[in-house]
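Undergrad:
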Amino acid sequence: MSNSENVAPSFSHDPVMLAEITSLFADVPAGTIVDATFGGGGHSESLLESRPDLTIVGVDQDAEALAAATKRLDRFGDRVRTIHRRFDQLGEALNEYQIDDVSGVLFDLGVSSPQLDRADRGFSYRNDGQLDMRMDTDQQWSAADIINGYDERELASVIRRYGDERFSGRIAAAICAARPIQTTTELAAVVTSAIPAPARRTGGHPAKRTFQAIRIEVNAELDVLPGAIDQAVEATVPGGRIAVLSYHSGEDRIVKERFALAAGACDCPDELPCVCGAIQTVRIVRGISKRPSKAEQEKNRRARSALLRAVEKIPATRKSDGQLVGPSSTGNEQG
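Residue numbering for the sequence shown follows our numbering, starting at 491 and increasing by one per position.
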């Protein structure tokens, strides 16, 4: 039975691909799972219910989300430990709890529905609020600093790179001309006015891509992701798994690249032996559902863009000779 009725309303939401995530961790070794984006605690709750031999370390930079999830999972007692950190500080979180190895790590990227629904958080182009968009409200840097501080060229670059917005130049020029902009609805109106009328009629709200881009820039989401994934791979024991739910092409590209690198990707020709020294520490988990079901997408708006990727940790192997690397190696080489 779920304890969702005890959760603060501002962070009560449906976790994406819950059944698929629970299944992915069904056979990992007993031990600790790091929920690196703790959010409302929904994924962690399911994992704790399904595996009495698992404990959770919940990591989140949003103090409100952390408090709500802690309350939700209070019934699990000392099986749940939490820490206020950004997910690229995963190693620090484990050190604080004196945990050397984990059985798995879960990342559910992007912004949560409760954050979008709260006007005062400034994430939404539909609800009027101050230009904020900080996931960690202790952080000084906010959306207002970007919207009212970046020059036109910088602003266009951010909107194009993180929003895949083809009218980024026009939008940046309109924003600079309208400064100072104070609220989310003001920004949404400026963005909408900069986009040609025919283009506004397709693809959802005209300001959606710009708001996404500004949010990613405020929170340095793509900058910190590669290091976070690498830390997760390093901390996980053989047989453990790392799973990532992404919602943006830039996120997924990074996840795919870091997983491929850990899986021993190299540039050596297929017909020749690998000479680049690539080391494989994970295998890609095949045969899983990468997208939410149609039913879930219809029920949960946030699930529509979700993409799931997962890897399983294996003993480190040098691809060129197939030998184990590190303390378990039968040779003299150390990785």
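The beta-carbon is built from N, C-alpha and C at its ideal position, and this holds for glycine as well.
Please read all numbers here as calculations on a predicted model, not as lab measurements.
Hey, I706 and V681: beta-carbon distance below 9 angstroms or not?
TA: In this structure, V681 does not lie closer than 9 angstroms to I706 by Cβ.
Undergrad: Just the Cα atoms here: how many angstroms apart are L599 and Y737?
TA: Between L599 and Y737, the C-alpha separation is close to 7 angstroms.
Undergrad: Do V714 and L514 come within 9 angstroms of each other at the CB atom, strictly closer than that value?
TA: No.
Undergrad: Hey, is L621's beta-carbon within less than 9 angstroms of any beta-carbon in chain B?
TA: This model lacks chain B altogether; it includes just one protein chain.
Undergrad: Quick check on the DSSP output: the beta strand (DSSP E) that includes P604 runs from which residue to which?
TA: No beta strand (DSSP E) contains P604, which is instead part of the alpha helix (DSSP H) from S603 to D607.
Undergrad: Taking the alpha-carbon positions, what's the R669 to G653 distance?
TA: Approximately 21 angstroms between the Cα atoms of the pair.
Undergrad: Does Q770 come out as helix, strand or coil in the three-state DSSP assignment?
TA: Reduced to three states, the DSSP call for Q770 is strand.
Undergrad: Expressed to the nearest angstrom, what Euclidean distance is found between the alpha-carbon atoms of P505 and G532?
TA: One C-alpha to the other measures close to 6 angstroms.
Undergrad: Would you mind listing the beta strand (DSSP E) stretches within the region 537-584 that are 3+ residues and don't spill past its ends, in chain order?
TA: Within the region 537-584, the complete beta strand (DSSP E) runs of at least 3 residues are 544-550 and 570-574.
Undergrad: Between G529 and D517, what straight-line distance do the alpha-carbon atoms span, to the nearest angstrom?
TA: So the alpha carbons of these two residues sit roughly 24 angstroms apart.
Undergrad: For E586, which of A793, L596 and I573 has the nearest alpha-carbon?
TA: The candidate whose alpha carbon is nearest that of E586 is I573.
Undergrad: Can you find the residues in the same chain that come closer than 7 angstroms, C-beta to C-beta, to P696, ignoring five residues on each side of it along the sequence?
TA: V681, T682, I685 and R690.
Undergrad: How many whole angstroms separate the CB atoms of V708 and K803, which I take to be in contact at a CB cut-off of 8 angstroms?
TA: Contact doesn't hold; Cβ gap of about 33 angstroms is too wide.
Undergrad: Assuming K780 is part of the beta strand (DSSP E), what are its boundary residues?
TA: That residue, K780, is in no beta strand (DSSP E); it is neither H nor E in DSSP.
Undergrad: Which of helix, strand or coil does DSSP assign to A703?
TA: A703: helix per DSSP, three-state reduction.
Undergrad: Confirm, please, whether the CB-CB distance from Q672 to A703 is below 9 angstroms.
TA: No.
Undergrad: So, using beta-carbon positions, are A553 and L596 closer together than 9 angstroms?
TA: Contact flag unset, no.
Undergrad: So the beta strand (DSSP E) D720 belongs to, where does it begin and stop?
TA: First-last for D720: E711 to A725, but that is the alpha helix (DSSP H), not the beta strand (DSSP E).
Undergrad: Once the 5 residues before and after V772 are set aside, which same chain residues still bring their CB inside 8 angstroms of it?
TA: Within the same chain, V772 has close Cβ partners V723, I732, F749, A752, A753, V801, E802, K803 and I804.
Undergrad: Short check: CB of F701 to CB of Y615, under 9 angstroms?
TA: For F701 and Y615, yes; Cβs fall inside 9 angstroms.
Undergrad: Throw me the rounded Cβ distance for the R799 and V745 pair, which I believe falls under 8 angstroms.
TA: Indeed they touch by this definition, with Cβ atoms about 5 angstroms apart.
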